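The sequence shown begins at 1 in full-length UniProt numbering and counts up by one.
Positions of the beta carbon are idealized from the N, C-alpha and C atoms, including for glycine.
A quick note: this is a predicted structure, and the numbers were derived from the prediction, not measured.
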Amino acid sequence: MTCAACVARVERALRAAEGVAEARVNLTTEEAFLRLAEGVDLKEVLKRVEEAGYTPVTARAEIPVKGMTCAACVARVERALRALPGVLSAQVNLATEKAFVEYLPETLSLARIRQAIREAGYEPLETEEASRKEAPTYRQDLLLALPFAFLLLLLAMGPMALPLPHAPPWLQALLALPPLYAGRRFFRQALSEVRHRALGMSTLVALGAGSAYLYSFLVLLAPRLFPEAARHLYFEAGAVILALILLGKHLEEGAKGRASEAIRRLLALTPKRARLLQDGEEKELPAEALIPGDLVRVLPGERIPADGVVVEGFSHVDESMLTGEPIPKAKGPGDEVVGGAVNGEGALLVRVVRVGEATFLAQMARMVEEAQGHKPQVQEVADRIAAVFVPIVLGVALLTFLGWLLLGPGLSHAFVATLSVLLIACPCAMGLATPAAVAVATGRAAQLGVLFRKGTALEALARADTALLDKTGTLTLGRPVLAEVLPFGLEREEALRLAAALERGSEHPLARALLEAAQGLSLPQAEGVRALPGEGVEGVVEGRRLFVGGPALMERLSVALPQEARALPEGGFTPLYLAEEGRLLAAFGVFDPPKPEAKEAVAALKALGLRVVLLTGDHPAPARKVAEALGIGEVLAGVRPEGKLEAIRLLQGEGRKVVFVGDGINDAAALAQADVGVALASGTDIALEAGDVVLLRDLRGLPAAILLARKTLRTVYLNFFWAYAYNVLLIPVAAGALYPFFGLLLNPMLAAAAMSLSSLFVLTNSLRLRGFRPPLAQGTV
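Encoded structure:
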């Protein structure tokens, strides 16, 4: 694929295939993302792509299989292989004891194929051979075309400036053949485009280079057919045109590869080898061959090979690639670890839980790839423009040829002008304008701990003007802490010591807040502790019958509350009271405090011009207290899930572009309704399906994501401006608009070079996004 027209053609072909529910094609990554019905024949789907004139990349593997004895064994292995996603065909030969598998290498790995054979009860041997079916790279073709094109240019044009003999015409014709062969993909693609009535960039290149050679060959073969003034040879023009375009495409390949570098960097964090502990023995094997349930040993300084749970050992694990926190986390038996994290000072025995595509890093990489494949609205418009652009260019080229032939100096002049129009108009830059920027931006966002599940979310986030923020777990820690102690008739520490003694052993969040605050105090033993459902707890501490509970318990016990104790709820605190025999001993104010980084994040959102609203189901008093602490002026409290949905709809009805940030589970409806749903994640517990964007670290990722989205959209617009303005300005020049005034005519070789430079500008402009720095420091992968 070379341009937006190619993308549209492949998408049409895929969507026409039976069982394809969704098809998105990305020019930058040269991949198609498909959502298929159950049981779809992948070969039939790929056949559609081939009929459209493109080559799907497939691979073939020949795997020796040990342990098969009969036809039933053959059938079992074949069933296991054909059940794998991405397998196109699988045949097993009992006589040679080999399995022959054709598969999609971007979907399925050889290690996974071997694992399927092993799970079927047979042993795949390690001497398999696999080959990928793909077209030669632009680099290979460039190395063929460039020396011949340079030599031909020197021989044909050199005598004008240097004391060189003129090259014989037949030698020029022969030297032009290797560049023509190197550019064969453009001619094949042009035939396909004509056959499918969907003209694109290849049509323009093939017409330009092909007509230069054909015209020159006809002049050479039958000069009498042409007037003497038109007997110019353009063999060097066709050869140099193809060499320059191949050079541009080769540089594009490299730039597109760098655009997807973030995905490779994510996957590269997983080690290649693992130490498997099996039957008391330790052996090394490829990390990709691990299966859930395996026990692996991770030595100090090594990366963990897969997601799992620590079974034995204690260490500190550096998970900065996930959390952005530079301080390693303590890990012991029962703690989860993530593949790619670096083990610290102690050896760990880890039971594998997730492998391959199910691992956290693989999910991150897949989300980045899928985001790069989604098209923002601006790209849909560009695709429609590109679909009509080439026919218009061909029309302009025809008018240029006829105009100069009938009104100008003659055939040679008309030919040069037409050739220049065809080459200057190649729409490569248009096809790359959006996907290149989206690919770089989503990759950079992943490094910053922001995962875009859809490329469309980039554009929506760039246009956002209102941020609705959930409170609990989003702006606050999600766990209450003791913030206020009001003792009545005893010391503060004594009140805390007695209350904590009663609450010892309770798992209630408010009880845990008291216990955390009492850490370091010597707690007495409580006796006869009894829970009072819905009210609190009672028991005997140091010979005194004490009660800890809320207002309802105090009311039942007829305990009078002083004004300052009654005022705790109004101040945003959840109250707890310690009482004895109808007398209040202390009042405690418990509060879910804001996260340390929340105030900084809110200030950054405001600085970006967003209207920030706190939207929560919590009571108004604690919601207002959090809002005041963070500098949020608008609060909507006591809102049920359906109320959040309605609040978002009302704002959208006012023309607002709404971002909603929630926990990704309870707020699923609101996340779906918002223009952009943003889910916060902690550790590996990511609600991957909840939002359009996932913040892996903390809320500071949101202003970073918005700023990056805005920069990306500006980059896309600049790309489009360059691509279209370039064509609008230079097509008339190529057609000869300046000739009557300055006697200038754009050389076809210069037109080809300018076309390639246009594409390179778009790519390098997009690659600038790799240097994006977030407004608030979070760390990078």
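| Check | Outcome |
| --- | --- |
| Burial state of R649, where buried means 16 or more other Cβ atoms lie within 10 Å | exposed |
| The alpha helix (DSSP H) enclosing S315, as first and last residue numbers | Segment S315 to D318 is the beta strand (DSSP E) holding S315; no alpha helix (DSSP H) there. |
| Span separating the alpha-carbon of R354 from that of F148 | 53 Å |
| Buried versus exposed, by CB contacts within 10 Å (16 or more), L108 | buried |
| Closest Cα partner of L718 within the set P703, S766 and L699 | S766 |
| Segment contact, 8 Å Cβ cut-off, at least three pairs: the stretch 594 to 614 with the stretch 698 to 714 | yes |
| Host alpha helix (DSSP H) of A457 (start-end) | T456 to R463 |
| Counted within 10 angstroms of its Cβ, other Cβ atoms place K133 as buried (16 or more) or exposed | Low confidence applies here, because K133 scores a pLDDT of 49, under 50, leaving its location unreliable; read the following figure in that light. By the neighbour-count rule (16 or more Cβ atoms within 10 Å), K133 is not buried but exposed. |
| Any 3 or more C-beta pairs closer than 8 Å across the stretch 108 to 124 and the stretch 204 to 223 | no |
| Contacts around G346, its chain only, beta-carbon distance under 7 Å, and the 5 residues preceding and following it disregarded | P300, G313, F314 and S315 |
| Length of the line joining the Cα atoms of D39 and G536 | A quick correction: the sequence has Gly, not Asp, at residue 39. Answer to the nearest angstrom: the Cα atoms are 57 Å apart. |
| Beta-ladder partner(s) of T466, from DSSP | R611 and V658 |
| Endpoints, the beta strand (DSSP E) within which V352 is located | L348 to R354 |
| Beta-carbon proximity list for V87, same chain, < 7 Å, skipping 5 on both sides | L81, V101, Y103 and L108 |
| Per-residue DSSP class, three states only, for F772 | coil |
| Residue environment, T616, which counts as buried when at least 16 other CB atoms sit within 10 Å | buried |
| One or two residues paired with T476 in a DSSP bridge | P594 |
| Opening and closing residue of the alpha helix (DSSP H) in which Y181 lies | L177 to A182 |
| Proximity of L475 and L630 at Cβ, strictly below 8 Å | yes |
| Span separating the alpha-carbon of R9 from that of G638 | 51 Å |
| Strand pairing of residue 850, partner residues [DSSP] | With the chain covering only 1 through 781, there is no way to say anything about residue 850. |
| Whole-Å CB distance - residue 786 paired with L290, under 8 Å assumed | Residue 786 is absent from the model: the chain starts at 1 and stops at 781. |
| According to DSSP, residues forming a beta bridge with G536 | L532 and G549 |
| Close beta carbons around R258, own chain, < 6 Å, minus the five adjacent residues each side | Any reading at R258 must be qualified, since the residue scores a pLDDT of 49, below 50, and its modelled position is unreliable; no value is offered. |
| Y213 versus L175, L451 and A734, residue with shortest Cα-Cα distance | L175 |
| Identity of the residue in L142, G505, R497 and T764 nearest Q519 by Cα | R497 |
| Burial state of N26, where buried means 16 or more other Cβ atoms lie within 10 Å | buried |
| Residue(s) in a DSSP beta bridge with S89 | E102 |
| Same chain, Cβ closer than 8 Å to E129, neighbours up to 5 away in sequence not counted | The predicted model places E129 with a pLDDT of 49, which falls under 50 and marks its position as unreliable; any figure quoted below should be read in that light. Correct list, in chain order: A61 and E62. |
| Sub-8 Å separation of A467 and D675 beta-carbons | no |
| Best match in L515, L568 and L411 for proximity to E484 [C-alpha to C-alpha] | L568 |
| For P620 and R556, the rounded distance between their alpha carbons | 26 Å |
| Through-space distance from R504 to A439, alpha-carbon basis | 53 Å |
| 8 Å Cβ cutoff met for M68 and E30 | no |
| Beta-carbon proximity list for E634, same chain, < 6 Å, skipping 5 on both sides | V613 |
| Own chain, CB closer than 8 Å to L233, minus 5 neighbours either side, in chain order | A156, P169, Q172, S216, V219 and L220 |
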